[in-house]
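Below is one structure, written out as structure tokens; comments come after it.
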Amino acid sequence: MLNLIKYNSLNKYKQIVKTINIYAENIKNYDNEELKKQTKKLKQSLQVNKSNKSKIDPILPEAFATAKEAIRRATGITLFDVQILGAIILNNGYIAEMKTGEGKTLAAILPAYLNALQEKGVHILTVNTYLAKRDAELAQSIFNFLDLKIGLVTPTMSYIDRKNQYDCDITYTTNSELGFDYLRDNMAIDASKTVQRDFYFAIVDEVDSILIDEARTPIIISGATQENSEKYKTASQAASILKSFKDYEIDEKGKNVTLTEEGIMRCEKFLNILNLYNVNSGWIKYIINALKAKEFFLKNKEYIIKNSEIIIVDEFTGRIMEGRRWSEGLHQAIEAKENLPIQSENKTLASITYQNLFLLYAKLSGMTGTAKTEETEFTKIYQVSVIEIPTNQKCIRKDLPDLVYKSEYSKWQAVANECLDMYQKGRPTLIGTTSIDKSELLSQMLDNLQIPYKLLNAKQENASREAEIISQAGQRYSITISTNMAGRGTDIILGGNPITMAKTILKNHVKSTQKSFKSRPYFNNIHEKLYKSQKIDSLIKQAETSFLNENKNIDELGIDTYIEDVTNTSNLLNTKSKIDRKNFQIYQGILNECVILCSKEKKEVVELGGLYVIGTERHESRRIDNQLKGRSGRQGDPGKSRFFLSLQDNIFRIFGGEQITRLMNTLKMDDDTPIESAILSRSLNSAQKKVEGYFYDIRKQLFEYDEVINSQRQAIYSERKKILKSVFIRDCIIEYGENCIDEMLHAYARADINTRHKILVQVLKLLNINTQFSINRLIKIDAIELKTFLYEQLRISYDLREEYLEQLRPALIRKLEKYYLLQQIDQTWQDHLEKMNLLKEYIGWRSYGQQDPLIEYKNEAFNLFISMVTSIRQNVIYLIMRSRLIVNI
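Residue 495 in full-length UniProt numbering sits at position 495 of the sequence shown, and the numbers go up by one each step.
Encoded structure:
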């Protein structure tokens with residue numbers, strides 16, 4: 001029924017698309033100045049509809065038509081109707097599933113423009129900085145026609161630059177930068193140091209990667225703590241002598257280890273201690289982390305070593321994650337395993353899950369080529385539905401049945417032989433691998449077969465170079481090995497991408513005239529044709545003279561940027577430089593030659609059957625497999641995909657492949673003979689569904705537990721923001737003091753006479769109240785009078801304190817109030833986070849007592865939060881009322 005509603009909705013949207021196209025035909029006649037005035041006109045229309053909740057809906061057709069025309073003028077591309085349909089879906093707060101090559105990047109421009117007219121800020125989020133930069137530059141070339149400013153937030157920016165970028169109409173950044181900026185803003189000690197506005201509307205590119213894959217782990221800002229690095233080294237030595245299945249048991253699915261009785265005794269003997277689980281020694285944490293580092297975290301798979309540091313490899317994208325570290329001492333355990341310098345363990349200063357971060361937006365939408373398999377999770381957690389957008393042209397790719405080999409070695413031999421066959425035919429082939437080791441194993445096998453190839457894995461750190469190689473993976477004779485989704489966000493165009501090719505030719509000839517272009521690893525059949533072209537040769541010589549002689553101050557890295565600028569038509573419109581115009585003409589000449597050759601090359605590739613995609617291992621999710629397959633068959637192109645698997649692959653080994661193993665043994669099949677059958681397909685689908693369900697449960701549990709702390713986080717951050725923005729916070733301090741009195745009098749009312757005496761002493765000491773009344777006289781006063789008396793004394797004492805500090809230095813008290821408030825909130829919140837992490841670790845044991853761990857966690861968390869709030873109030877009051885200041889004159 002739900003799908004029926006969605007398809008009916010698509011039909012309804014088709015009428016809106018027609019209206020948009022009618023507007024667009026009229027707007028085509030506007031000159032550039034008239035087009036720019038459209039933004040002001042549409043903003044004025046919004047002011048008229050201010051009382052209407054859906055005030056942007058009436059202007060949607062005209063706004064989308066305006067943006068469509070700006071795209072046409074900036075890029076020469078006229079949007080397809082399906083792209084406009086995707087844009088409407090995004091604007092309405094859905095996830096648009098648009099297949100690879102359908103133009104998601106340009107589709108996002110339309111809803112971004114419409115929502116930016118409200119001047120609340122629009123965020124477009126991507127998976128890496130390279131894509132954010134590329135898309136922001138494209139967007140700026142478009143929005144130059146519409147008088148809107150585009151922002152870009154990158155990791156190296158100062159807070160002032162970040163603030164300026166977030167203040168733009170539309171801001172491009174990555175999900176991680178957004179999260180870290182949000183946490184840093186809520187740790188700022190000055191309102192001027194915050195960079196973000198309130199979250200209004202976000203469009204998430206590759207939404208499944210960001211909101212599903214990366215949602216297993218929270219965003220954490222950490223600070224170093226003092227830890228004994230020798231313990232990590234000793235634990236690593238202990239782990240090296242322990243034997244799996246004898247001293248410890250391995251849970252590969254949950255990535256956990258459990259010591260056996262024998263293993264515990266061996267550890268105690270090695271460490272020369274009586275009790276491994278003694279809370280005061282804490283050895284068990286170090287031992288378990290050392291064993292996890294040994295069994296689950298493998299070099300060139302989960303991490304690489306660079307400059308004597310452990311660098312994490314993102315398991316979903318295959319890219320390295322510099323600056324990121326595993327928490328809870330795991331990173332240090334891996335450093336100890338690799339005999340590297342051990343850095344300090346980190347303490348959590350602030351954290352938030354991606355789920356709760358993105359739920360802060362008033363409106364959230366996303367786009368990807370593969371989201372339908374995770375629709376339940378998107379709906380339940382993020383409250384957004386997935387709508388499939390039809391392709392512009394029918395997909396004719398053939399997905400062949402999987403081939404399963406008995407041994408892993410036989411599988412890799414079969415893949416290498418398949419690559420040889422494809423190379424001999426000249427058919428472009430993309431091979432997806434799951435780790436650096438596997439990609440390098442295949443590359444060695446291809447070397448032995450003397451097959452030229454391009455290798456992309458986490459060791460290649462330049463994302464632009466990665467995208468450049470992926471964009472040319474559709475050329476004839478091209479064999480490309482890639483870990484996971486390297487080059488994501490870049491389409492593979494059959495015959496090659498002429499624009500990327502023209503820029504590459506310019507860059508490499510200008511940057512390295514002394515080195516033959518033929519010696520470069522990406523040199524292949526089509527480059528050879530270009531290299532032999534006399535016209536290209538003449539243009540290149542002109543380019544070398546023009547770029548090097550007339551731009552002598554441009555260094556090697558600057559040439560990359562300069563060529564990007566000079567080949568951008570929209571940038572060229574704004575320059576008066578004759579040199580730039582000359583260089584642009586040279587580029588156009590090279591580009592024209594590339595277009596001609598790529599067109600011829602495409603026809604030949606189409607005759608060969610298009611791009612052939614080979615998968616070498618099933619992933620944990622069908623969705624990630626679909627992403628790999630989706631590289632082939634874009635925009636109606638032919639293509640083929642096939643997975644080569646073995647019974648030793650993780651998905652079979654961990655999640656079940658016993659049936660197939662028994663079948664192959666029964667049939668006495670040799671290692672080199674693959675199997676494909678209905679049983680195989682069912683078993684594979686069942687295994688993947690198990691994995692998907694398992695990881696969904698992990699994310700769901702993370703979300704449920706973080707929901708508890710999220711309500712606390714919002715309360716603390718709201719209080720903090722209020723204090724940060726306040727100029728006069730004396731009333732807040734008085735309120736804290738009165739709350740302290742109320743809390744202590746609540747305990748006072750239930751106490752016996754001796755305890756009452758102690759409580760009154762504490763109250764008077766805390767509030768620094770000097771009174772002539774004796775404690776015995778105060779005890780005799782009834783509760784209401786006592787409360788009134790203490791309130792009055794608090795104000796008198798605070799007035800005296802304020803007067804004293806004003807005499808020392810004017811306005812000092814106001815600064816102290818804010819400083820103590822923020823300091824105590826931050827410090828106590830950090831301690832609270834540590835307690836909550838410990839609580840989450842041990843609360844699971846409550847299930848053995850027939851108690852629901854989540855309910856118990858909520859109850860304990862509530863008590864901890866009340867205790868934290870009480871502590872903040874009392875500490876602030878004590879510091880302000882009793883601190884002694886020394887003022888140097």
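From the three backbone atoms N, C-alpha and C, an ideal C-beta is built for every residue, glycine too.
Note that the coordinates shown come from a computational prediction; the quantities given were computed from them, not determined experimentally.
Rounded separation between residue i and residue j - CA only
| i | j | result |
| --- | --- | --- |
| THR870 | THR616 | 57 Å |
| ILE469 | VAL595 | 17 Å |
| VAL17 | ILE71 | 16 Å |
| ASP402 | LEU446 | 22 Å |
| PRO341 | THR348 | 22 Å |
| ASP181 | HIS123 | 13 Å |
| ASN21 | LYS41 | 19 Å |
| GLN355 | SER621 | 19 Å |
| THR154 | ILE221 | 17 Å |
| MET265 | LEU680 | 44 Å |
| TYR159 | PRO111 | 28 Å |
| GLN424 | LYS454 | 16 Å |
| ARG846 | ASN164 | 49 Å |
| ASN859 | MET836 | 12 Å |
| TYR23 | ALA108 | 19 Å |
| ARG197 | GLU792 | 40 Å |
| GLU743 | PHE865 | 15 Å |
| GLU119 | ASP169 | 6 Å |
| ALA215 | ASN710 | 15 Å |
| GLN47 | LEU114 | 14 Å |
| ALA202 | LEU125 | 7 Å |
Delimiting residues of the alpha helix (DSSP H) encompassing residue i
| i | result |
| --- | --- |
| THR429 | Where THR429 is concerned, there is no enclosing alpha helix (DSSP H), although the beta strand (DSSP E) it sits in stretches over 429 to 433. |
| ASN175 | 175 to 185 |
| GLY263 | 261 to 271 |
| SER192 | Counting along the chain, SER192 falls outside any alpha helix (DSSP H), and DSSP gives it neither H nor E. |
| SER439 | 436 to 448 |
| SER867 | 853 to 882 |
| ILE614 | Per DSSP, ILE614 belongs to no alpha helix (DSSP H); it is in the beta strand (DSSP E), 611 to 615. |
Cβ neighbour criterion (16 or more within 10 Å) applied to residue i
| i | result |
| --- | --- |
| LEU557 | Because the pLDDT of LEU557 is 47, which lies under 50, any placement of that residue in the model is unreliable, and the number read from its coordinates should be weighed accordingly. Exposed. |
| GLU728 | For clarity, residue 728 is Phe in the given sequence; the question names Glu instead. Burial call: exposed. |
| THR788 | exposed |
| ASP844 | Note that residue 844 corresponds to Gly in the displayed sequence, not to Asp. Per the 10 Å Cβ criterion, exposed. |
| GLU206 | buried |
| ASN144 | buried |
| PRO810 | exposed |
| GLY76 | exposed |
| LYS233 | buried |
| GLU102 | buried |
| HIS832 | buried |
| ASP706 | buried |
| PHE245 | exposed |
According to DSSP, residues forming a beta bridge with residue i
| i | result |
| --- | --- |
| TYR748 | Its beta-bridge partners do not exist; DSSP assigns none. |
| VAL386 | ILE95 |
| residue 894 | Outside the displayed range of the chain (1 to 889) lies residue 894, so it cannot be described from this structure. |
| ASP251 | ASN256 |
| TYR804 | None, per the DSSP bridge assignment. |
| THR217 | For THR217, which the question treats as bridged, DSSP gives no partner whatsoever. |
| ASP399 | SER641 |
| ILE305 | ILE310 |
| residue 928 | Since the first residue of the chain shown is 1 and the last is 889, residue 928 is not available in this structure. |
| VAL404 | LEU645 and ILE675 |
Residue i, enclosing beta strand (DSSP E) - first and last residue
| i | result |
| --- | --- |
| ILE310 | 309 to 313 |
| SER646 | 639 to 646 |
| HIS123 | 122 to 126 |
Could you tell me whether the region 390 to 405 touches the region 635 to 646, where touching means 3 or more Cβ pairs closer than 8 Å? With a cut-off of 8 Å on Cβ pairs, the region 390 to 405 is in contact with the region 635 to 646, counting three or more such pairs.
Does the count of Cβ pairs from the region 320 to 339 and the region 364 to 373 closer than 8 Å reach three? Segments in contact, no.
Given 8 Å as the limit, is there contact between the region 298 to 312 and the region 423 to 438, that is, 3 or more CB pairs closer than that? In short, these stretches touch, since the Cβ pair count reaches three.
Are at least three pairs of beta-carbons, each pair with one atom in the region 596 to 613 and one in the region 494 to 506, less than 8 Å apart? With a cut-off of 8 Å, the region 494 to 506 and the region 596 to 613 count as touching, because enough Cβ pairs lie within range.
Answer yes if the region 642 to 650 comes into contact with the region 375 to 388, meaning at least three C-beta pairs across the two stretches below 8 Å, and no otherwise. Contact fails: fewer than three Cβ-Cβ distances are below 8 Å.
May I ask you to verify whether the region 729 to 739 touches the region 750 to 760, counting CB pairs closer than 8 Å and requiring at least 3? With contact defined as three or more Cβ pairs closer than 8 Å, the region 729 to 739 and the region 750 to 760 are not in contact.
Counting pairs of Cβ atoms below 8 Å between the region 132 to 141 and the region 207 to 220, do you hit three or more? No contact exists between the region 132 to 141 and the region 207 to 220.
Could you tell me whether the region 777 to 786 touches the region 799 to 814, where touching means 3 or more Cβ pairs closer than 8 Å? Touching, no.
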